[in-house]
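**Q** A single structure is presented below for examination.
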Amino acid sequence: MNTKLNIVPFSGAEDIKLHLEGVSHAYGDGESELTVLEDLSCSVKSGELVAVVGPSGSGKSTFLSIAGALLTPSRGEVHIGGRSLSGMNERQLADLRLHEIGFIFQGANLLPYLKVEEQLRFVAKLGRADKEQAARRAAELLERLGLTARRKHYPDKLSGGERQRVAVARALMNDPSVILADEPTASLDADRGRDVTKLLAERIKAEGKAGVIVTHDERILPYCDRVLRLESGRLREG
0 MNTKLNIVPF
10 SGAEDIKLHL
20 EGVSHAYGDG
30 ESELTVLEDL
40 SCSVKSGELV
50 AVVGPSGSGK
60 STFLSIAGAL
70 LTPSRGEVHI
80 GGRSLSGMNE
90 RQLADLRLHE
100 IGFIFQGANL
110 LPYLKVEEQL
120 RFVAKLGRAD
130 KEQAARRAAE
140 LLERLGLTAR
150 RKHYPDKLSG
160 GERQRVAVAR
170 ALMNDPSVIL
180 ADEPTASLDA
190 DRGRDVTKLL
200 AERIKAEGKA
210 GVIVTHDERI
220 LPYCDRVLRL
230 ESGRLREG
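Laid out in structure tokens, this is it:
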């Protein structure tokens with residue numbers, strides 16, 4: 000079976016926010032080389048939430064690291080927000096991650112000594128955003144995610160679902176092109192997991208982001224626009 004996806008051409012496709020073309024990655028060298036991804040191609044459009052699923056060891060973490068500009072592929076091209084990552088130095092990649100990519104992690108990874116609103120303002124400060132604009136952006140996101148009443152609370156005073164909603168707001172704070180979520184519902188029960196995914200999907204559509212969620216949680220797949228399965232280093236639809 001041909002498992003390669005039908006790819007929308009990147010050139011001139013302005014609504015494509017994330018594009019991987021012919022990406023391969025291997026660890027080691029010579030006889031000990033292990034190929035994790037092989038000739039992988041995919042595109043994610045503005046307003047689209049795509050789920051990537053697959054068994055342990057299928058390359059999901061490597062895929063997410065490459066899509067998030069944390070790892071340079073052995074071969075292939077990555078474009079984020081219309082910009083090619085080829086030839087970028089570490090400082091340029093760090094700047095791109097800060098402004099063009101929003102990360103959501105399994106355990107929320109909130110800073111324990113910052114209140115909810117401060118979590119968002121801190122990210123904006125790192126991005127050198129105007130203070131007044133950052134304050135308005137934070138207030139808007141907290142309202143839309145139902146967190147206004149919790150804005151002065153520390154993470155240890157929040158439920159698991161609330162912490163993940165804060166993580167979603169933080170990922171959106173600097174208005175990135177791409178949102179990448181790594182098992183964001185793994186620590187939540189079924190209802191809270193669905194709620195968080197639904198909120199994430201709504202914000203991605205409302206703000207025109209490209210979203211990718213790597214997950215083992217089959218219960219959240221109905222909230223995603225497409226499901227890609229990663230098997231033996233290759234992606235296929237369905």
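Positions 0 to 237 (numbering that gives the first Met the number 0) are the ones given, in order, by the sequence shown. We treat Cβ as the ideally placed atom computed from N, Cα and C, and that holds for glycine. Given the structure is predicted, the values throughout are model-derived calculations rather than measurements.
1) Specify whether the stretch 99 to 111 and the stretch 24 to 41 touch according to this definition: at least 3 beta carbon pairs, one from each stretch, less than 8 Å apart.
2) Rounded to the nearest angstrom, what separates phenylalanine 9 and glutamate 206 at their Cα positions?
3) Do leucine 179 and arginine 164 have their beta-carbon atoms positioned less than 8 Å apart in this structure?
4) Quick check on arginine 277: does DSSP put it in helix, strand or coil?
5) For glutamate 217, does the three-state DSSP call read helix, strand or coil?
6) Would you say the stretch 184 to 192 touches the stretch 152 to 171, given that touching needs at least three Cβ pairs under 8 Å?
7) If we count the other Cβ atoms within 10 Å of its Cβ and call it buried at 16 or more, is glycine 86 buried or exposed?
8) Three-state secondary structure (DSSP) at arginine 164?
9) Measuring only the C-alpha atoms, how far is leucine 141 from arginine 150?
10) Could you tell me which residues DSSP puts in a beta bridge with aspartate 188?
11) Is glycine 106 helix, strand or coil when you go by DSSP?
12) Taking the alpha-carbon positions, what's the glycine 126 to isoleucine 219 distance?
13) When you compare the stretch 126 to 138 with the stretch 209 to 223, are there three or more beta-carbon pairs, one atom per stretch, that lie closer than 8 Å?
**A** In brief:
1) no
2) Note that phenylalanine 9 scores a pLDDT of 40, beneath 50, so its modelled location is shaky and nothing firm can be said.
3) no
4) With the chain running from 0 to 237 in the structure shown, residue 277 is simply not present.
5) helix
6) yes
7) exposed
8) helix
9) 7 Å
10) DSSP output for aspartate 188 lists no bridge partner at all.
11) coil
12) 31 Å
13) no
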